[in-house]
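Residue numbering for the first sequence follows my numbering, starting at 12 and increasing by one per position.
In what follows, a single structure is set out as C-alpha cells and then discussed.
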Amino acid sequence: MFRLPIHKKGRPLRSQVVDLCPDFYSALLALLDQIPDDMVTVPVLLASAMGDPVAESAVKEALKREMFHSYRERVVPKPDSSDSHIFSGFRGKRLLEEMAGDQEERGKRVVITSLLERDGLIAGVDASYKGDTAYAACVVMNRDLEIVDSASTTIEARFPYIPGYLSFREAPGLLSAVSKVSGFDVLMVNGHGIAHPRRCGLASSVGLEVDKPTIGVARRPLVGEVGKIRGVLTPLIFDGLAVGAEVKRSEGPPIYVSVGHRIDLEIAGRITRETWRRGRLPEPLRSAHYEAQTAKRRDS
DNA sequence: GCGACAG
DNA sequence: ATCTTGTCGC
C-alpha cells in the first residue's frame, strides 16, 4: 500500500518541501525592522532583498495584512522623485535565492522514464484557499473515471503565491491530502512539473516527495514557447529543450502538460488527453478542485 | 528598460 | 487562487 513518508507515526510532518518551506512573512518582518526611522522603502526593494524582484506583488499583498499594520507608513508605493530617503541597504540572507537554489538541486533529481508499470488508478490533487487557509483534496479514479477514493485536509499556508515558487505555498497541503488516500498508480497535479524556470515546479516537488509517477497540468505556460506540431503533441520549448507540451481539443483553449516525476512527456500527454473530457482541466483535477471547494464551503 | 508571471 | 450578479447559450 502506498504511504507517504511525511507521517511518522504521529510525529510532526517531515519532508524536504515542508522543512524547506520557510515563513515568508517573518522574513519580510525582519527586513522591515531594518528600515531606519527617518527613511522609507518601496516594495520592489523589499522583494529584491528577499532574493527575487518577482515577489514584488506578493510583498504588496502581505503589507495589507493585519500583521504588518504598524509598518504601513514605512513603505511607499513609488520612489518619490523628491525623496532621497529611500532605504535599500537591507542585510541578511536572501530567502528566495536560497529557495531557488534548492529548486535547482531538486530539479536534477527528477526522473524522466517511459517505464510505467500500471496506470489503472489516476489520482488528482488540488487546493482552494480562504486567505492563507488551504483546503486540499485528492481524488482517485479508475480507468472509467469513476471516483474510488478521496480525501481532504486543511492547513495554514505560510507562504504567499509567487510565480515560480508555487510549491512553497501549495505542496504541504497537497502532500497531506495525498497521504490520506489508500493508493494510486499516477498522480496528476494542477501546476507545472519541469516546465519551470528551475525545472522543479509544483508537480515535480510533489512527485519527488511521494515518489510516484506524477504529471503536471496547467492552464497557462509559465516558461517556454510553443513550438512546431510534433505528432499529437505540440512541444513547449524552454532553454532549447521540450520541457512540456500543449494539448488541444477540438474546441476551447489548450492546456499544458509536463513531466512531474518518474514518467515521460509522451505518457503524460496520453494520460492527460485520455482524461480530458470537458471543462478546462482533465477529470482528476476537476474532481479534486470540486472536492477542495466543497471542503472550503463546508468549513465556513 | 519595462512588463509578464502556474495557483 | 480570490473578489462577485447577472447573464448568454446549449
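Every residue gets a Cβ at the ideal spot worked out from N, C-alpha and C, and that includes glycine.
Item, Value
"Using a Cβ-Cβ cutoff of less than 6 angstroms, which residues in the same chain neighbour Phe249 once the five nearest sequence positions on both sides are dropped?", "Val234, Gly235"
"Between which two residues does the alpha helix (DSSP H) harbouring His5 extend?", "With the chain represented from 12 up to 311, any question about residue 5 goes unanswered, as that position is not in the structure."
"Does the beta-carbon of Gly227 have 16 or more other beta-carbons within 10 angstroms, so that it is buried, or is it exposed?", "buried"
"Can you find the residues in the same chain that come closer than 6 angstroms, C-beta to C-beta, to Val192, ignoring five residues on each side of it along the sequence?", "Cys149, Val151, Asp160, Ala162"
"From Arg169 to Asp34, what distance separates their C-alpha atoms?", "5 angstroms"
"So what does DSSP say about Ala60, is it helix, strand or coil?", "helix"
"Can you give me the C-alpha to C-alpha distance between Asp48 and Leu40, rounded to a whole angstrom?", "15 angstroms"
"Within this structure, are the beta carbons of Ile274 and Leu127 separated by less than 8 angstroms?", "yes"
"For Arg117, which residues of its own chain have a beta-carbon under 8 angstroms away from its beta-carbon, when the five flanking residues on both sides are left out?", "Gln27, Cys211, Ser215, Ser216, Leu219"
"What residues in its chain sit with their C-beta under 6 angstroms from that of Phe13, if we drop five residues either side in the sequence?", "For Phe13, the predicted structure reports a pLDDT of 28, less than 50, and the residue's modelled location is therefore unreliable. A value from the coordinates is still provided. Within the same chain, Phe13 has close Cβ partners Gly194."
"Whole angstroms are fine: how far does the CA of Ala58 sit from the CA of Arg209?", "19 angstroms"
"Can you tell me which of the three DSSP states Ile158 falls into?", "strand"
"With Gly227 as the anchor, note down where its alpha helix (DSSP H) starts and where it stops.", "Here Gly227 belongs to no alpha helix (DSSP H); instead the beta strand (DSSP E) covers 225 to 229."
"Excluding five sequence neighbours on each side, which residues of the same chain lie with their C-beta closer than 7 angstroms to the C-beta of Gly21?", "For Gly21, the pLDDT reaches just 31, beneath the cut-off of 50, and the residue's location in the model is therefore unreliable, leaving the point undetermined."
"Under 8 angstroms: do the stretch 68 to 77 and the stretch 101 to 114 share three or more Cβ pairs, one atom per stretch?", "no"
"Specify, as a first and last residue, the run of the alpha helix (DSSP H) that Leu132 falls within.", "Note, Leu132: premise wrong, no alpha helix (DSSP H); not H, not E."
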